[in-house]
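Student: Below you will find the structure I want to go over with you.
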Amino acid sequence: MITLILSFQTDPHSSVMFTRNETVNTSVTHGFEDLITYHIVNTSLGAISTLVNTLLIIIFLSYRPFRTRYVLLILLNIGDLINSMAIVLTGLNRIELYSTAIRTMTLPVRTSVECAIEPWLILKLIGDILIPVSTFWMGVERLVAILFPIFYRFSVDGKAVKYLVVPGVSLLFVFCSICVAFYLAFTENHLTSFYCGRKAAFGEGFGTFIYCCNITCNVASTIFATAAYFKALNLSKTQPRMQRQVNVIRYYLLISVLSTLLVSLPNTIALFQLYVEKVSDSLSKPAYWMQTINSGIHFFVYLALNKEFRARTFRMFKMVHSEEMSLSKKQSPDGCDTPLRGSAKTLTARTN
Numbered sequence: 024m025i026t027l028i029l030s031f032q033t034d035p036h037s038s039v040m041f042t043r044n045e046t047v048n049t050s051v052t053h054g055f056e057d058l059i060t061y062h063i064v065n066t067s068l069g070a071i072s073t074l075v076n077t078l079l080i081i082i083f084l085s086y087r088p089f090r091t092r093y094v095l096l097i098l099l100n101i102g103d104l105i106n107s108m109a110i111v112l113t114g115l116n117r118i119e120l121y122s123t124a125i126r127t128m129t130l131p132v133r134t135s136v137e138c139a140i141e142p143w144l145i146l147k148l149i150g151d152i153l154i155p156v157s158t159f160w161m162g163v164e165r166l167v168a169i170l171f172p173i174f175y176r177f178s179v180d181g182k183a184v185k186y187l188v189v190p191g192v193s194l195l196f197v198f199c200s201i202c203v204a205f206y207l208a209f210t211e212n213h214l215t216s217f218y219c220g221r222k223a224a225f226g227e228g229f230g231t232f233i234y235c236c237n238i239t240c241n242v243a244s245t246i247f248a249t250a251a252y253f254k255a256l257n258l259s260k261t262q263p264r265m266q267r268q269v270n271v272i273r274y275y276l277l278i279s280v281l282s283t284l285l286v287s288l289p290n291t292i293a294l295f296q297l298y299v300e301k302v303s304d305s306l307s308k309p310a311y312w313m314q315t316i317n318s319g320i321h322f323f324v325y326l327a328l329n330k331e332f333r334a335r336t337f338r339m340f341k342m343v344h345s346e347e348m349s350l351s352k353k354q355s356p357d358g359c360d361t362p363l364r365g366s367a368k369t370l371t372a373r374t375n
């Protein structure tokens, strides 16, 4: 049984500072070691995903044709980067939380407002909404481009609708969702779970909204992209120029399918746990790893299926390698700079 102690002193050896703690026994902390291991794995995956998405956004933004052509992919990339950073911060927070609980046999007493203002939870909230919304628009864009090519060419592609309206609507939706979340947290402030998840901070209703948003957007995007793919594939038999659209839709479709499998499926499991029955950790924990992997896998999808992206990426790495080789050749064996111009004789380093 948990004995509640409202003390205003925290463990001086802990970097996680809370104003109130409750003393617990070993039955409560049992299994925390396994949770620490789970979060170490998830944090490591999140760190790798953060690095991959940082590289991806550099590739997108450093090349003007990509900046204008792949607006929705950049929006998705930003969502993935934010989500990956949130996963790392969440993991570090949970590892410290469970480690402190094992060491001190205390758990923090948290309120929904205290949870809501956690930086890692805010970042996670942004990523949880921006990623599925971006994926949804990707499916819509491909379907419109195939079914209404003239409208798409003259009213969407290269126009404000693509550059400003769609990203603006997406960000506005994210902002409004966050405002609703904070409204719920502040108006219904109450004691909640010590680990501060989304349901703990914003309530089960908002948690359900997040799950449904992910499931609906990803599944809808998959349906739209699939319809566009088969339509373009059929048209390519009589219109050779349509083959380019087939190639583009192919990686859009793969992203949608991966999001459905790696994100929608875990969210379906979470909904099942919330309203039906708790699922075994052996199933639920790897499901969360799948979501983390999904945020870092898109770079490899583009690399495999987008010939222009692949060429640009290899060119960037080749340029970096060439610069490194050039810098190394500018140095003499003893570390002194040698002249850069003149004949071979002039370029010979002289020593007295």
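This note's numbering puts the first residue of the sequence shown at 24, with every later residue one more than the last.
Every residue, glycine too, gets a C-beta built ideally from N, C-alpha and C.
These figures come from a predicted structure and were not determined experimentally.
(1) In angstroms, rounded to a whole number, what distance separates the CA positions of residue 178 and residue 269?
(2) Who does residue 211 pair with in a DSSP beta bridge?
(3) Beta strand (DSSP E) containing residue 65: first to last residue?
(4) Opposite residue 131 in the DSSP bridges: which residues?
(5) Using a Cβ distance threshold of 8 Å, determine whether the region 111-130 contacts the region 85-95, with at least three qualifying pairs required.
(6) Take residue 273 and list the residues in its own chain whose beta-carbon comes closer than 8 Å to its own, dropping the five residues that flank it on each side.
(7) Less than 8 Å between the C-beta atoms of residue 265 and residue 276, yes or no?
(8) Could you check where the alpha helix (DSSP H) with residue 88 kicks off and where it finishes?
(9) Name the two residues that bound the continuous alpha helix (DSSP H) containing residue 287.
(10) In whole angstroms, give me the CA-to-CA distance for residue 148 and residue 221.
(11) How should residue 261 be labelled, buried or exposed, when 16 other C-beta atoms within 10 angstroms of its C-beta is the threshold for buried?
(12) Are the Cβ atoms of residue 317 and residue 285 separated by less than 8 Å?
(13) Between which two residues does the alpha helix (DSSP H) harbouring residue 231 extend?
(14) Just to confirm my understanding: we take residue 67, look at its own chain, exclude 5 residues before and 5 after, and list those with CB closer than 7 Å. What are they?
(15) Is there contact between the region 143-161 and the region 233-248, where contact requires at least three CB pairs shorter than 8 Å?
(16) Which same chain residues, not among the five before or five after residue 332, have their C-beta less than 7 Å away from its C-beta?
(17) Does residue 299 come out as helix, strand or coil in the three-state DSSP assignment?
(18) Taking 8 Å as the threshold, find out whether the region 193-210 comes into contact with the region 285-297 through three or more Cβ pairs.
(19) Tell me the start and end of each unbroken beta strand (DSSP E) in the region 100-150 that is at least 3 residues and wholly inside, in chain order.
(20) Quick check on residue 137: buried or exposed, where buried means 16 or more other Cβ atoms within 10 Å of its Cβ?
(21) Thinking residue 319 and residue 97 are a contact (beta carbons under 8 Å), I'd like their distance in whole angstroms, please.
(22) Please list the segments of the alpha helix (DSSP H) lying wholly inside the region 156-210, counting only runs of 4 or more residues, in order along the chain.
(23) As a quick exercise: from 59, 150 and 133, pick the residue whose alpha carbon is nearest that of residue 101.
Tutor: This is what the structure gives:
(1) Locating residue 178 in the sequence shown gives position 155, counting from the first residue. Locating residue 269 in the sequence shown gives position 246, counting from the first residue. When rounded, the separation of the alpha-carbon atoms in residue 178 and residue 269 is 21 Å.
(2) On the sequence shown, residue 211 is found 188 positions in, with the first residue counted as 1. In the DSSP output, where bridge partners are listed per residue, residue 211 has none listed.
(3) As a first step, residue 65 must be located in the sequence shown, where it is residue number 42. Annotation: residue 65 is outside any beta strand (DSSP E); the continuous alpha helix (DSSP H) that includes it extends over 55-84.
(4) Taking the first residue of the sequence shown as 1, we reach residue 131 at position 108. For residue 131, the beta-bridge partners assigned by DSSP are 44.
(5) No, the region 111-130 does not touch the region 85-95.
(6) Here residue 273 refers to the residue found at position 250 when the sequence shown is read from its first residue. Taken in chain order, the residues that qualify are 252 and 328.
(7) Translated into positions along the sequence shown, residue 265 becomes position 242. Translated into positions along the sequence shown, residue 276 becomes position 253. Contact flag unset, no.
(8) If you number the sequence shown from 1, residue 88 lands on position 65. Annotation for residue 88: the continuous alpha helix (DSSP H) segment containing it runs 87-92.
(9) Reading the sequence shown from its first residue, position 264 is the one you call residue 287. For residue 287, there is no enclosing alpha helix (DSSP H), as DSSP gives it neither H nor E.
(10) Start at 1 with the first residue of the sequence shown, and residue 148 comes out as number 125. Start at 1 with the first residue of the sequence shown, and residue 221 comes out as number 198. Distance between the alpha carbons of residue 148 and residue 221 is about 8 Å.
(11) Numbered from 1 along the sequence shown, position 238 holds the residue referred to as residue 261. Flag for residue 261 reads exposed.
(12) As a first step, residue 317 must be located in the sequence shown, where it is residue number 294. As a first step, residue 285 must be located in the sequence shown, where it is residue number 262. A contact, by the Cβ cut-off of 8 Å.
(13) As a first step, residue 231 is located in the sequence shown; it is residue number 208 there, counting from the start. Where residue 231 is concerned, the enclosing alpha helix (DSSP H) stretches over 227-258.
(14) For this step, residue 67 is matched to residue 44 along the sequence shown. The beta carbon of residue 67 lies closer than 7 Å to none in the same chain, with the five residues before and after it left out.
(15) Cβ pair count under 8 Å is three or more, so yes.
(16) Reading the sequence shown from its first residue, position 309 is the one you call residue 332. Counting only residues of its own chain and dropping the five nearest sequence neighbours on each side, residue 332 has a CB closer than 7 Å to the CB of 325 and 326.
(17) Counting from one through the sequence shown, the residue named residue 299 turns up at place 276. Residue 299 carries a coil assignment under DSSP once its states are collapsed to helix, strand and coil.
(18) The region 193-210, when compared against the region 285-297, does not touch it at the 8 Å Cβ threshold.
(19) Fully enclosed beta strand (DSSP E) runs of 3 or longer: 129-131.
(20) On the sequence shown, position 114 is the one that residue 137 refers to. Looking at its Cβ environment, which holds 16 or more other Cβ atoms inside 10 Å, residue 137 is buried.
(21) Along the sequence shown, one-based indexing puts residue 319 at 296. Along the sequence shown, one-based indexing puts residue 97 at 74. At roughly 16 Å, the Cβ-Cβ gap does not stay under 8 Å, so residue 319 and residue 97 are not in contact.
(22) Taking only runs of at least 4 residues, the alpha helix (DSSP H) segments lying wholly in the region 156-210 are 189-210.
(23) Translated into the one-based positions of the sequence shown, residue 101 becomes position 78. Between residue 101 and the set 59, 150 and 133, the nearest pair of CA atoms involves 150.
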